[in-house]
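For the protein sequence lines, the chains are H and G, in the order given. The numbering used here applies: residue 1 is where the first sequence begins, and numbers increase by one. The numbering used here applies: residue 1 is where the second sequence begins, and numbers increase by one.
Number of protein chains: 2
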Amino acid sequence: MNESSRRRPVTIKDLASELGVHPSTVSRVLHSEAEVARSAASAETARKVRELARKLGYSPHPQASGLRTGRTHLLGTIVPRLSDLVLAIMYEGVEEAAAELKYSAFVMNSRDDMEEQRRKTEIMLARRVDGLIFGDVHLDCPLMPELARRGVPFVLMNRRLRGFPSATCDDVLGGQLVADHLWDQGHRNVAVVAGEPYASTAVDRTSGFVDRWRALGGDIGQGAVVWSRFDTTGGREAVAAILRTARVLPTAVFAVNDFAAIGAMGALRSHGLTVGRDIAVVGFNDTPVAAQLPIPLSSVRSPMLEIGRAAVELLRRVLNHEPAESIRLKPVLQVRESSA
Amino acid sequence: MNESSRRRPVTIKDLASELGVHPSTVSRVLHSEAEVARSAASAETARKVRELARKLGYSPHPQASGLRTGRTHLLGTIVPRLSDLVLAIMYEGVEEAAAELKYSAFVMNSRDDMEEQRRKTEIMLARRVDGLIFGDVHLDCPLMPELARRGVPFVLMNRRLRGFPSATCDDVLGGQLVADHLWDQGHRNVAVVAGEPYASTAVDRTSGFVDRWRALGGDIGQGAVVWSRFDTTGGREAVAAILRTARVLPTAVFAVNDFAAIGAMGALRSHGLTVGRDIAVVGFNDTPVAAQLPIPLSSVRSPMLEIGRAAVELLRRVLNHEPAESIRLKPVLQVRESSA
DNA sequence: TCCCCTCACCCAATCGATTGGGTAAGGTGG
DNA sequence: CCACCTTACCCAATCGATTGGGTGAGGGGA
């Protein structure tokens with residue numbers, strides 16, 4: 001049985017007294033940069049320290065070192081909800097990348113509520129996180145300028161906001177790809193399930209689509225763009241509204257989110273339309289479920305994991321006072337039966 | 001502008017010197033039980049301390065108090081993957097309930113890999129979490145007995161394992177509900193997409209179904225129970241295998257997970273079958289998407305949020321050395337078009 | 001031979017909060 | 001008047017790691 005199975009964790013002092021050296025020597029050997037470490041102990045001593053540390057299963061006490069150094073190696077992330085698959089995958093990227101930098105990541109849900117966002121932020125700051133990643137900014141978000149004033153290091157993910165570093169998908173391009181695709185397929189009468197108007201994702205995807213559509217010579221009427229929630233229910237309701245008010249039925253629907261697209265497909269079927277034959281549907285994010293649906297869903301693939309990783313990289317730069325330019329990752333359209 | 005916007009956080013010492021009292025007095029006023037607090041300072045002093053703390057935005061330094069007390073108020077959770085909606089929702093419950101107890105929760109993904117589970121556990125223990133919640137135990141999980149020997153406080157969630165406290169859905173009952181339902185609908189030839197054989201959820205749901213089916217006088221052949229992954233791809237492959245090998249085509253399929261059920265529906269449609277007319281499908285968990293699918297999916301509703309909350313309550317008891325009986329929450333069957 | 005330098009360490013303060021053990025002042029009972 | 005108790009505090013050690021500043025021994029150069 002390994003010594004690490006004893007109850008009280010091994011401390012630096014244990015190692016030091018065992019070897020007859022001073023705790024500071026042990027600390028420098030185990031934790032300092034190569035140069036400091038070398039000037040702190042002979043090669044032989046250093047070897048013995050490291051060997052004993054391994055044997056006894058020493059692991060540094062983060063509360064103790066955090067107290068002394070003022071850095072916790074903790075990184076807070078706030079998302080609207082983890083049960084949104086898109087954010088869950090981005091967070092997996094955050095966690096991976098954070099671990100590689102020897103940071104531990106934390107998540108909290110804000111339910112896309114700005115009061116909750118503020119509350120959760122304060123909880124994380126009370127935990128003394130070294131930096132924050134926000135996946136839930138609104139286009140008018142008073143908290144961000146305030147945090148910047150207070151000198152809190154943070155970056156944005158998923159959604160962007162002018163003036164702050166963010167890691168996002170190039171959502172405008174994503175919307176353009178869909179416009180090109182549907183235009184090429186011969187559609188001339190389309191509708192957009194546009195998502196929440198306070199989210200840059202929704203706004204950019206919609207405007208990318210609409211602007212390109214008009215540039216191609218297409219026409220998009222008043223009732224053809226419907227703001228909605230991002231989930232299945234939101235998609236269903238939005239399509240119901242479109243079907244109710246449209247003068248002419250659209251032949252294609254672009255939903256800015258896969259789950260909204262699934263809800264849209266449900267509403268269309270209830271209306272007696274067969275998706276892929278009577279009407280085309282395109283989603284966004286290309287979540288794993290899109291390809292596996294009974295009628296496989298065309299979708300814009302966004303690099304969700306990479307966005308999470310990029311957010312961590314951005315935050316690393318902010319923490320090191322390096323320049324941090326926003327990162328916009330390229331999406332790719334996956335055409336499937338729902339629009340082919 | 002509030003004083004809390006200054007860079008260096010306010011400490012107990014700041015409050016003490018401002019008021020001309022000793023830091024220990026401030027500490028007792030702000031943090032101790034009522035009795036200790038009252039014997040530490042006069043009502044008047046206590047009032048002044050609390051007022052100044054609020055005015056300056058004092059918030060205790062968790063690293064410092066954690067160092068002294070040995071408790072971090074940190075709670076680690078390990079799940080197979082957060083991008084599994086079921087676990088994401090359970091974790092939302094964990095986070096909520098933890099916050100109510102003034103704990104902060106942490107999650108990590110193990111990808112259902114036992115080596116990874118061990119690695120992530122060690123990372124969390126190195127962070128000095130007060131306790132752990134595992135959402136990813138396998139039926140043969142060597143880590144759990146080992147942690148119990150080491151005296152690490154932990155509980156299980158979602159999946160159970162004999163001998164350890166767990167918060168789960170009553171999966172056996174869930175399987176029974178589906179058997180009763182399909183039998184009542186007149187089905188006599190059924191197949192099961194059974195999930196991963198190392199997960200108690202899969203095993204219990206399957207055995208609950210199969211045992212009840214046989215008790216009703218039904219028959220389930222060899223090839224009718226197919227183990228699979230829990231995701232859409234897993235469901236698709238499992239149904240493909242069933243369709244390939246079955247002597248007689250089943251008239252109903254029970255998938256122990258909604259996403260596997262969605263994959264199953266896809267495979268059935270590819271095979272030219274219309275779900276709800278030619279063949280019934282029932283899923284498990286009643287995730288929000290089930291009701292919104294183009295063909296709404298019957299599913300066993302499991303109280304995922306409550307399971308997460310229950311896990312925290314269990315862990316609270318373990319940490320307080322109170323007896324902790326496993327909790328099994330009751331599921332309810334939601335019948336929809338896919339099996340009606 | 002003397003001075004200086006390097007090597008390989010040690011010493012002690014420090015981070016912020018907690019907590020067991022005082023202690024001076026004032027009041028009470030005998 | 002004195003012993004004793006309560007009230008309202010203060011003092012100092014402690015948790016574990018880090019870090020600026022020593023220091024003694026040994027070696028090399030002038």
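Glycine included, each C-beta is placed from N, C-alpha and C at the ideal position. If you're wondering where the values come from, they're calculated on a predicted model, not measured in any experiment.
For V155 of chain H, does the three-state DSSP call read helix, strand or coil?
-> strand
Quick one: what does DSSP say G283 of chain H is sitting in, helix, strand or coil?
-> strand
In its own chain, which residues sit with a C-beta less than 6 Å from the C-beta of R159 of chain G, not counting the 5 before and 5 after it?
-> V137, A199, S200, T201
Since I78 of chain G is in the beta strand (DSSP E), which residue starts that stretch and which ends it?
-> 74-79
Enclosing beta strand (DSSP E) for S42 of chain G [first to last residue] = Unbroken run through S42 of chain G: none, as it is neither H nor E.
Compare the C-beta of S5 of chain H with all C-beta atoms of chain G and state if any pair is closer than 9 Å.
-> Only weak support exists for where S5 of chain H lies, its pLDDT of 43 falling under 50; the value from the coordinates is given anyway. Chain G, which has a Cβ nearer than 9 Å to the Cβ of S5 of chain H, makes this yes.
Express the C-alpha separation of I295 of chain G and A261 of chain G in angstroms, rounding to a whole number.
-> 12 Å
Which of helix, strand or coil DSSP assigns to G234 of chain H | helix
V192 of chain G in three-state terms, based on DSSP | strand
Report the residue from H:T77, H:L216, H:L56, H:P80 whose alpha carbon sits nearest the alpha carbon of D180 of chain H.
-> H:L216
Answer with yes or no whether the minimum CB distance from H321 of chain G to chain H is below 9 Å.
-> no
Could you say which of G:T274, G:M90, G:S302 lies nearest to N257 of chain G if we only look at CA atoms?
-> G:S302
Measuring CA to CA, which of G:Y91, G:V190, G:E325 is closest to A105 of chain G?
-> G:Y91
Label L147 of chain H either buried or exposed according to how many other C-beta atoms from any shown protein chain fall within 10 Å of its C-beta, with 16 as the threshold for buried.
-> buried
Report the rounded CA-to-CA distance for R277 of chain G versus S338 of chain G, giving the unit in angstroms.
-> 8 Å
Give a yes or no on whether the minimum CB-CB distance between F106 of chain G and chain H is below 9 Å.
-> yes
Should N285 of chain H and V248 of chain H be called a contact, given that it needs their Cβ atoms to be closer than 9 Å?
-> no
L147 of chain G: first and last residue of the uninterrupted alpha helix (DSSP H) it sits in | 143-150
Looking only at its own chain, which residues have a Cβ that is under 8 Å from the Cβ of L329 of chain H, when we skip the five neighbours before and after it?
-> A167, T168, C169, D170, S302, P303, E306, I307, A310
Does the count of Cβ pairs from the stretch 47-60 of chain H and the stretch 10-24 of chain H closer than 8 Å reach three?
-> yes
Looking at C-beta atoms only, is the number of pairs between the stretch 98-112 of chain H and the stretch 64-79 of chain H that lie closer than 8 Å three or more?
-> yes
Along the beta strand (DSSP E) that carries V178 of chain G, what are the first and last residues, could you check?
-> Element bounds for V178 of chain G: not the beta strand (DSSP E) but the alpha helix (DSSP H), 171-184.
Starting from A255 of chain H, follow its DSSP beta bridges and name the residues at the other end.
-> H:V193
Can you list, in chain order, the residues of its chain whose CB lies under 8 Å from that of T72 of chain G, leaving out five sequence neighbours each side?
-> P62, G66, R127, R128, V129, D130
Return the chain-ordered list of same chain residues with a C-beta closer than 6 Å to the C-beta of R236 of chain G, the five sequence neighbours on each side being excluded.
-> G263, G266, A267
Taking Cβ positions only, does M144 of chain H come closer than 9 Å to chain G?
-> no
Are there 16 or more other CB atoms within 10 angstroms of the CB of P331 of chain G, so buried, or fewer, so exposed?
-> buried
V225 of chain G to F259 of chain G, Cα distance in whole Å?
-> 17 Å
Q63 of chain H CB to nearest chain G CB: under 9 Å?
-> yes
From what residue to what residue does the alpha helix (DSSP H) around Q222 of chain H run?
-> Looking at the DSSP string, Q222 of chain H is not in any alpha helix (DSSP H), and its letter there is neither H nor E.
Enumerate in chain order the residues of its own chain whose CB-to-CB distance from V152 of chain H is below 6 Å, with the five nearest sequence positions on each side excluded.
-> none
Beta-bridge pairing of M108 of chain H - partner residues as DSSP gives them | H:I78
Can you give the Cα-Cα distance for E196 of chain H and L156 of chain H, rounded to whole angstroms?
-> 18 Å
If you drop the 5 nearest sequence neighbours on each side, which residues of the same chain put their C-beta closer than 6 Å to that of E95 of chain G?
-> A105
Find the residues of chain G that neighbour F154 of chain H, judging by a C-beta separation of less than 9 Å, and give them in chain order.
-> The premise fails here: F154 of chain H is roughly 15 Å from chain G at the closest Cβ pair, so nothing lies under 9 Å.
Three-state class that DSSP yields for R269 of chain G in the structure shown | helix
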